[in-house]
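Chains as they are written, first to last, in this note's numbering: chain U, 3 to 394; chain W, 3 to 394.
For each residue, glycine too, the CB sits at the ideal point set by N, CA and C.
The structure appears below as structure tokens.
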């Protein structure tokens, strides 16, 4: 057996990891806009990147390196270094070449506006402000934010029966362009567990599916989505199930936090789809619900408009039948297998549920055993305000 | 050779068709909410319905009748008769049974709120107000509106070389839930052309793909989408190419009008995708652009954010390469095959284009010859306002 203990210091929680955020003048008014994650020891890396065919320069740069170990990640916000072609990749080489010699095989990660070259000199000067002995995880988490309204961090220490232990910690940014097929999200996870690269990659791939890939703010998939998991093995300890559980808890928490902090969002809704033909069809339905504009605006209006839920289920492409479908807002069942019983009394009860900041909408398709949970939010005026003129 | 002449009287433009709209008290304040289309002669029918698995009762009722001719369509707004099960289908039978004896095999069509039984008595009483000798196409078009802000109608007379002629006219409603895979849209087209049922159906199927199915307001697909084309053959005349051209012109006009009148929309944007691997991939890209929330809010903000266009192309799933892509706002090319030249001067020019009510965004993928045009609109505060509490 093992025990999971939630701990502080997040992306610096694992032994031997350092991080900080500084201001390089990319954001206005001296806000932090550059961060690093550093380990004294070289780390194995597992990673998942966007499926967007216009993948940004840092992702192409990373992939071109093939199989390698690193001890340093440089992250900037405000500029995505996307659609910048070979010049954008060259900019990364130029920037990384200026880092101190203790840094080995550094990688870069960017988020922000697309289609503008990096302000290279600012970033090179910003990197000179880094003090690699600093453990300031919250400053790092703050520096990677774009339209996020709060930073997103989590860490666990795993205590094993034999007295040994290891830790996993992470920071992430999300906010806009969050979508089931990976989002403009960056997530950096560090661990001192002694886990092999191949196992780490397999666990990361699996966990992404039910966490970040189940989260949707607006259905758009970005050019820069990145999840990196670095292990320096410094604890010497490892336990697969415990590692997997801690990783899931951290990534699920961060995915939900991203949706909760979706641009202008006030509500975090879990779409719990059951009874589908199979898990894949349940996923199609859950993601259709979390992405439907009509469902999202009904959430914003706190209107228990179950007809839009039913219509979205029907439009999703998954097998579904009016006379087998059951829809509930938390424990208030509003439609059951063809029966219409949605009166004013029930509407009042369902409306009460919708006033909550966080709740579950359940759809049972009544066909077979397929299930999936997706996370979505409402869409209101604030989303329009944020996105109508993001670049200025 | 033949000549197309735009004519008045729309859904009553073809010989022998009558239509009117009345108020049955479904909408507030005496607004028209029931319409009929009537022909003295029995008509062949071609039809296309929603792909939504929760298809509304009137659609199930129609399909259950098999192959038949009719001379009467009864339409109500304000209530969709969707998710109402067998009771909803029974309501239609009860209502249609009260119609006068000159009516043969009548069909019903509904639009409005989902999940509420039809107010049967109101509708039966409303139908008693119909005067089947009336030719009031605009009153009928007005009665079928829901959140539409203007009615949508069009008609052409086709004049053939031999002196004979026939006419095609139509009315439609759209506004919300408009989506590439058929929308909450109703469209009724009448003609006196002597066209066979099978040819009429084939032409309708083909024309729907590049008109209504190329139009998107919000990516949601409704339970009630219906396009019906009725021919009473009364003119005795027909010419395939001329019929097809008039049908396309009418349906394309109505589809664009629906997008222009999308809920809260201020702008009608044509996404002209060229150079794709094939036409199917061009369609995927064009529809991804017309449905992207980030693109739609940038349109609303009149922000020539070409990075979001590029990112959406990349996320669409279609084959695409950064170094082959070219993006233009009308004739202002903002990105060309990897070259970054988007300066302040060009931004000002592109911003000028975006101030227009209607313009074209072109994406050439530079791969092969696939093309598709989709029609979309912006998304602003008004959409949220309309949809946050539609039912009240």
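Identify the residues that DSSP records as bridge partners of residue i: which are they?
i	result
residue 230(W)	49(W), 190(W)
residue 360(U)	270(U)
residue 276(W)	366(W)
residue 173(U)	155(U), 190(U)
residue 168(U)	160(U)
residue 115(W)	81(W)
residue 376(U)	273(U)
residue 6(U)	160(U)
residue 335(W)	330(W)
residue 38(W)	22(W), 76(W)
residue 217(W)	377(W)
With H, G and I counted as helix, E and B as strand and the rest as coil, what does DSSP make of residue i?
i	result
residue 370(W)	coil
residue 245(U)	helix
residue 20(U)	strand
residue 205(W)	helix
residue 326(W)	coil
residue 281(U)	helix
residue 304(U)	coil
residue 128(W)	helix
residue 343(W)	coil
residue 80(U)	coil
residue 387(W)	helix
residue 295(W)	helix
residue 260(W)	helix
residue 183(W)	Low per-residue confidence applies at residue 183(W): pLDDT is 35, beneath 50, and the placement is therefore not dependable, though the value from the model is reported in the following sentence. DSSP places residue 183(W) in coil when its eight states are reduced to three.
Any Cβ of chain W within less than 9 Å of the Cβ of residue i?
i	result
residue 375(U)	no
residue 250(U)	no
residue 40(U)	no
residue 342(U)	yes
residue 82(U)	yes
residue 302(U)	yes
residue 320(U)	yes
For chain U, is any of its Cβ atoms less than 9 Å away from the one on residue i?
i	result
residue 1(W)	The structure shown does not extend to residue 1(W), since chain W is modelled only from 3 to 394, so the question has no answer here.
residue 289(W)	no
residue 4(W)	no
residue 85(W)	yes
residue 179(W)	Its pLDDT being 43, under 50, residue 179(W) is placed unreliably in this model, and the coordinates cannot settle the point.
residue 182(W)	In this prediction, residue 182(W) scores a pLDDT of 32, lower than 50, which makes its location untrustworthy; the coordinate-derived value is nonetheless stated afterwards. So no, residue 182(W) is outside the interface.
residue 117(W)	yes
residue 327(W)	yes
residue 295(W)	yes
residue 285(W)	no
residue 310(W)	yes
Thinking C-alpha only, which one of the options is nearest residue i?
i	options	result
residue 77(U)	87(U), 372(U), 71(U), 40(U)	40(U)
residue 273(U)	195(U), 132(U), 230(U), 378(U)	378(U)
residue 326(W)	351(W), 367(W), 288(W), 362(W)	367(W)
residue 210(U)	231(U), 194(U), 331(U)	231(U)
residue 47(U)	71(U), 263(U), 54(U)	71(U)
residue 253(U)	189(U), 321(U), 283(U)	189(U)
residue 339(U)	348(U), 345(U), 347(U), 328(U)	328(U)
residue 161(W)	22(W), 374(W), 170(W), 302(W)	170(W)
residue 13(W)	137(W), 69(W), 74(W)	137(W)
residue 283(U)	322(U), 85(U), 309(U), 249(U)	322(U)
residue 26(W)	240(W), 257(W), 81(W)	81(W)
residue 6(W)	19(W), 74(W), 240(W)	240(W)
residue 335(W)	362(W), 358(W), 318(W), 319(W)	362(W)
residue 175(W)	238(W), 98(W), 264(W)	264(W)
residue 398(W)	62(W), 246(W), 268(W)	Since the displayed chain W opens at 3 and closes at 394, residue 398(W) lies outside it and no answer follows.
residue 10(U)	173(U), 119(U), 132(U)	173(U)
residue 341(U)	295(W), 58(W), 117(W)	117(W)
Name, please, each residue of chain W whose Cβ falls closer than 8 Å to the Cβ of residue i.
i	result
residue 54(U)	313, 316, 317
residue 224(U)	313, 317
residue 337(U)	85, 117
Is there a Cβ of chain B sitting closer than 9 Å to that of residue i, yes or no?
i	result
residue 372(W)	Absent from the structure is chain B; the protein chains it does hold are U and W.
Name the chain W residues whose beta carbon is nearer than 7 Å to that of residue i?
i	result
residue 324(U)	56, 85, 87
residue 383(U)	383, 386
Should residue i be listed as close to the ligand MG, given that the test is whether its C-beta is under 8 Å from any heavy atom?
i	result
residue 374(W)	The model on display carries no ligand, and the ligand MG is accordingly not part of it.
Counting only Cβ pairs nearer than 7 Å, list the residues of chain U close to residue i.
i	result
residue 158(W)	Here the premise fails: no neighbours, minimum Cβ distance about 33 Å.
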